[in-house]
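Trainee: My questions all concern the structure below.
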Amino acid sequence: VAVGGIAVAVGGTAVAVGGTEVAVGGTDVAVGGTEVAVGGTEVAAGGTEVAAGGTEVAAGGTDVAAGGTDVAAGGTDVAVGGTGVAGGGTEVAVGGTGVAVGGIAATT
């Protein structure tokens, strides 16, 4: 479903409102964002997301999740099996939990 956007779905569900989505077996909802989902679930509002089997919610942030969960508000998250919550910060979580507010968090 595309409203002023671009949606490409291969066995997945894509809803684009002014955004660009590529879904392969995943579910994407993009509002002015860019998403690439492979078996993952994404909700992007002006953010950029790449999810492989993960769950992401990005508001103006950048998320890369491989089996992890990311919530980014203007931050950058990289989660591999971990959970990241970034508010203007940078996080790298590998099987851990990171919470960064304007800082840098690295957990393993």
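Numbers 49 to 156, taken from our numbering, label the letters of the sequence shown in order. The beta carbon of each residue, even a glycine, is placed where N, CA and C say it ideally should be.
Using CA coordinates, which residue listed in VAL84, ILE54, GLY74 and THR61 is at the minimum distance from GLY67?
Mentor: Per the Cα distances, ILE54.
Trainee: Could you tell me the alpha carbon to alpha carbon distance between VAL126 and GLU83, rounded to whole angstroms?
Mentor: Going from the Cα of VAL126 to the Cα of GLU83 covers about 15 angstroms.
Trainee: Once you ignore the five residues that flank VAL70 on each side, which residues in its own chain have a CB closer than 6 angstroms to its CB?
Mentor: Counting only Cβ-Cβ distances below 6 angstroms, and skipping sequence neighbours, we find VAL56 and VAL84.
Trainee: Taking 8 angstroms as the cut-off, decide whether the C-beta atoms of VAL63 and VAL77 are in contact.
Mentor: Taking 8 angstroms as the Cβ cut-off, VAL63 and VAL77 qualify as a contacting pair.
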